[in-house]
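> What follows is a single structure, and I will ask about it in a moment.
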Amino acid sequence: MNPFKATMATIILFSFALTSCVDSGDARSDNDIGNESRAITAGAGSPSGEKGDCNANTTGVNWDALMTETCRNLSDYKLFTQANDPTSGPSQGGLPYDLTTSLFSDYTSKYRFVFVPEGETVGYSESEVLEFPVGTVITKTFALPANTALRGDDELVIETRLLIHRHEGWIGIPYYWDSDSDATLAIAGKRLEGLSTINNQGQRIEFDYSVPQAADCTSCHSIVPNLTGPNDSRKQIFLPIGPKARYLNTNFTYDDGTLYNQLQYWEKGKLLKDLPVDFQSVERAPEFTDQTPIDSLTNSEVNNMARAYLDMNCAHCHRTGLTLPLNYAGPAGSSGLQLEYNRSYAEAPSKFGVCKQPIAGGKEGYPYDVIPGNADASYLLFRVETNDSRHRMPELGRNIKHYEGALLLRRWIVQLPSAHCSPGD
Amino acid sequence: MRHMTFAKSLAFSAMISSGILLTGCNVEDGKDGKDGADGTDAVLPIGSTVIKTTPSGFAITDDAILVAPDAAEGDNITEALSEALFTIGDDALIVLPKGRFVVTETIAINSASGLTITGHGINETILDFSTSVGDDAIRFTGGNGITIRDLGVYEAPKNAIKALNVNGIHMTYTATVWEGDLEADNGAYGLYPLQSQNVLLENNFAFGSADAGIYVGQSENIVVRNNVAKQNVAGIEIENSSMADVYNNIAINNAAGILVFDLPGLNKAFGSNVRIFNNKAISNNAENVGAGVVGLAPSGTGVLVLATSDVEIYYNQLTDNDTTAVAISSYLLVDDELADYPTKFGATITAGWSPTVKNVYLHNNTIARNGANPQGVLLEPIAAGYASNMNSKGEPQTFPSILYDGAGELFSNLGELDGFNALLGPDAQAAGISYGAYTAGDLICANSNINANPAPQYDEVNTGLVYPTNPADITIMDDGVPQPHLLIDQMVNNTYLNCVQPRLPAAVVIFRNTLYGCTGDDLAEEACAL
């Protein structure tokens, strides 16, 4: 064994032990000795199986309410130690995480936490979202920074969305921060007028922000059955989108200052099982943020980042086959455009829109979805850039153009191998 | 046998409905009534009381969930509507208020089971989406046995009513409208079931779509009847769909009346068994302001079949369409770069899409006063040929009322498409798709169609073929490409397309355990006996 590696591991494990000592009040889980680290879910509690109560005065997470009730106030679920701050301080067992590339949501910063019931574990999946056990809660809080170059400072906390894995499947519930102290259930969504931010290009952007309706969650968070006959009555399956191995496979700085690969941290903390022993084999989608210097990327970097961006921003709908359950597809699985990260471009460039005519939709001057070498006439880029709701993509959650994302896709289209619809071909 | 039960319940409901219909059926497109097709909806749950009957005869019962019942004309009812629809149980009846109301978001409904959304009538309840920040107006995703009825959806930013992956979607007495002139920035589809099963669209009114007013895509088991599609780019479009009956509809003042398309690259690669009968496609001469493939449909077309095989078009009244009554075309008319097909379309050919068109049978259609002013960029050279002496008659002709491109058939007969056979995947092979020479069962046939032109214009109703289909008849040009011959001959006592094909079976929709269509509730319908 490489002694240096062994030392590193010891140090890291030691830091785990330190974290666990800070807030451990539960004797049962005080077993952090030697190579054994404490389970992340230790002391988190778990659903009792009984009907929940939004007013229950639990010491930690109000699991039972999460499992059965749609509570009026976010604070009823007791997910955060300070009810007025959903961006930090998760209740016992909650763990922050980040993704290498994320969905653009009008330049908001996102604060993500996952809560898994005590003793439960998350199953690894190579290409699909990780297999979170029943009881899992994912929170995502959206906060608009005054300036995207200074995220974390001067942010307006707008909404917190919950994904809850109940016995009957996942559901999504939106909460809107209508006061400084708590967020309120927003079944019908909320339209916020006159927000503004300054993006990394120094552009000041004023816009109206939409907190989606509860029913909208399913529009992105589901896979739908390809009905195979008149008697096929299969239903949609609701799923999280972001927490896939390829997006979690990156370092994260935890509250105690530890820098650790998230997947390995989850595994060490007994949260994740079946992570491949050969960690190098775990896929990693590249990091793309508003700070990424797009102009100085190599073509190969552009291609990889654009594929991750398309995957995260489009492929929750534009996906079919591959690693999905048989005869399920994304809500736009019927479209000819399929943009998954794990789809081979070489096998069928037309699936990525190359020289593909728009079917439902279309606009004069944009004959094909993607015209390698001619971004300006590519309908896909037009749809990503426009705010006209007739053509806008993604359909939900974007009210303004993502300048940096569009620039990345523009470069991607320009560097693609020439095709029969390309200029001069 | 279960079918007997259906038949009994139908007879019973027909009796009830005839009573209900006496209360008045003065709806704009209300052809319904004499056979009581819609009456099954009046079967009441046991123990419920009727509190209101819509003009179409639908009984609203006291167990209904009333959305914003006290809303005043012009109120924004978005919040009330989303909240009512978020927590619905199975078989819920949601009632929208009477009047014109504003909705400012997409109304998304997921995995509903047995849901009915009704207004107080197609003209009585209007939802105005002109200030919506969403895209589609109403969107059903997943679910089964869903009805939307007795309301109008106006000015949707994108599609008006979309139903995605629903098994059992029934839209009736519903209007989808974009008011004013037909313009490119009107919305997309009006009534829009996509990748669904058991689709029943009846008694609707679709007006002003910059795409198709009534569009069924990638679906199976479809009945589209008694609808009016007016002033859309495409009136009614059946795309990559199978087992579809389209009858008793009126398509008027659209750019193209009724379209049957198979487009490449879609998840459901191809459609088949589409019957278009007893419809009226009249004066479909609006300017085509559409984009994408539908934008290529020539303005002035009554019925257009593009690359879909197994289509029967009969007993329709096809009049006053300025380009042609019926155009039947392979995909080669849209894209003639045959050498590029394996690169461009290889994957979709593997899945069963084919650029050829086979087994289209036109009979007993009444055809009059078409072809006066042929339009469309795709047809420009063809129209120029028929208007000059560059056609088989050697003198200017009125544009053919039945136009067949012949290109896919010719190239198949020449063996030019044989290479595609190697691309066919298992599904395509199972469906019997192949690329050899056309056999008798593959032919495009037209007979017993009625020339209703008055003398002296009687001679102007003709059948035309852009290419002869027999390789022996063609002239190869210097660059090795066959020359268009622009054959033309009278439609009656015709030389061209003179053959007969077997009749196609009827489509059946099973909706909430009731059978709809010609072998279901319309057994006694005249059109179904044609």
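If you read the sequences in order, they're chains A and B. The first sequence begins at 8 in my numbering and counts up by one. The second sequence begins at 42 in my numbering and counts up by one. Even for Gly, the Cβ is constructed at its ideal location relative to N, Cα and C.
Ends of the alpha helix (DSSP H) at MET74/A?
70-75
> Tell me, please, whether the stretch 529-545 of chain B touches the stretch 478-497 of chain B by the rule of three or more beta-carbon pairs shorter than 8 Å.
yes
> I'd like the span of the beta strand (DSSP E) that includes TRP177/A, first residue to last.
Counting along the chain, the beta strand (DSSP E) containing TRP177/A begins and ends at 176-183.
> I'd like to know if LEU73/A contacts chain B, where contact means its C-beta is closer than 7 Å to some C-beta of that chain.
Judged by the 7 Å Cβ criterion, LEU73/A is not in contact with chain B.
> Using a Cβ-Cβ distance under 7 Å, would LEU388/A count as near chain B?
no
> Flag PRO237/A as yes if its beta-carbon sits less than 7 Å from any beta-carbon of chain B, otherwise no.
By this cut-off, PRO237/A is an interface position.
> Do GLY447/B and TYR372/B have their C-beta atoms closer together than 7 Å?
No, they are not a contact pair.
> Run through DSSP, which three-state label would ASN64/A get?
coil
> Select from the stretch 328-339 of chain B all residues with a C-beta closer than 7 Å to any C-beta belonging to chain A, and list them in chain order.
ALA332, GLY333, VAL334, GLY336
> What are the boundary residues of the beta strand (DSSP E) that THR342/B is part of?
342-347
> Listing by chain order, which chain A residues have their CB less than 8 Å from the CB of GLY228/B?
Listed along chain A are ARG397, each with a C-beta nearer than 8 Å to that of GLY228/B.
> Can you list the residues of chain A that ALA388/B reaches, using a CB-CB cut of under 9 Å?
GLU354, ALA355, SER357, LYS358
> Hey, out of THR182/B, VAL218/B, ASN208/B, ARG180/B, whose CA is closest to TYR195/B's CA?
VAL218/B
> Using 10 angstroms around the beta-carbon of SER98/A, count the other beta-carbons present and answer buried if the total reaches 16, otherwise exposed.
buried
> Alpha carbons only, please: which of ILE158/B, GLY417/B, ASN117/B is nearest the one belonging to VAL330/B?
Ranking ILE158/B, GLY417/B, ASN117/B by Cα distance to VAL330/B puts GLY417/B first.
> Measure from the C-beta of GLU566/B to each C-beta in chain A and report whether the shortest distance is under 7 Å.
False, the Cβ-Cβ gap to chain A never drops below 7 Å.
> In chain B, what lies closer than 7 Å to ARG198/A by C-beta?
VAL174
> Would a check of beta-carbon distances place ILE158/B closer than 7 Å to chain A?
Not a single C-beta of chain A is nearer than 7 Å to the C-beta of ILE158/B.
> Strictly by DSSP, which residues pair up with PHE248/B?
VAL218/B, LYS271/B
> How far does the beta strand (DSSP E) with ALA162/A in it extend, from its first residue to its last?
The amino acid at residue 162/A is misidentified as Ala; the sequence shows Glu. Residues 162-173.
> What does LYS251/A reach in chain B if we use C-beta pairs closer than 7 Å?
Those do not exist, as LYS251/A stays about 22 Å from chain B at its closest Cβ, beyond 7 Å.
> Mind listing which residues of the stretch 120-141 of chain B have their C-beta closer than 7 Å to chain A's C-betas, in chain order?
GLU120, SER123, GLU124, LEU126, PHE127
> As a quick exercise: from ASP116/B, HIS211/B, ILE150/B, pick the residue whose alpha carbon is nearest that of THR172/B.
ASP116/B
> Determine the burial state of PHE286/A: buried for a count of at least 16 other Cβ atoms within 10 Å of its Cβ, exposed for fewer.
exposed
> Report the rounded CA-to-CA distance for VAL309/A versus ASP383/A, giving the unit in angstroms.
If you take the alpha carbons of VAL309/A and ASP383/A, they lie about 18 Å apart.
> Spell out the partners DSSP gives ILE291/B in its beta bridges.
VAL269/B, LYS321/B
> Between PRO430/A and chain B, is there a C-beta pair that is closer than 7 Å?
no
> Among residues of its own chain, excluding the 5 on either side of LEU455/B, which ones have a beta-carbon nearer than 7 Å to its beta-carbon?
PRO512
> Distance check for LEU346/A and PHE359/A, CA to CA, integer angstroms please.
6 Å
> Does any CB atom of chain B fall closer than 7 Å to the CB of LEU234/A?
yes
> Against chain B, does GLU402/A count as a neighbour if the rule is that its beta carbon must be under 7 Å from one of theirs?
yes
> Locate the beta strand (DSSP E) running through GLU353/B, then write down its first and last residues.
352-355
> In angstroms, rounded to a whole number, what distance separates the CA positions of ALA270/B and GLU243/B?
11 Å
> What are the residues of the stretch 383-411 of chain B that lie near chain A, defined by any Cβ-Cβ distance shorter than 9 Å?
THR384, LYS385, PHE386, GLY387, ALA388, THR389
> Does the distance from the C-beta atom of SER282/B to that of SER250/B stay below 7 Å?
no
> Using the beta-carbon of each residue, which ones in chain B are nearer than 8 Å to CYS362/A?
Going along chain B in sequence order, the residues near CYS362/A (Cβ under 8 Å) are LYS385.
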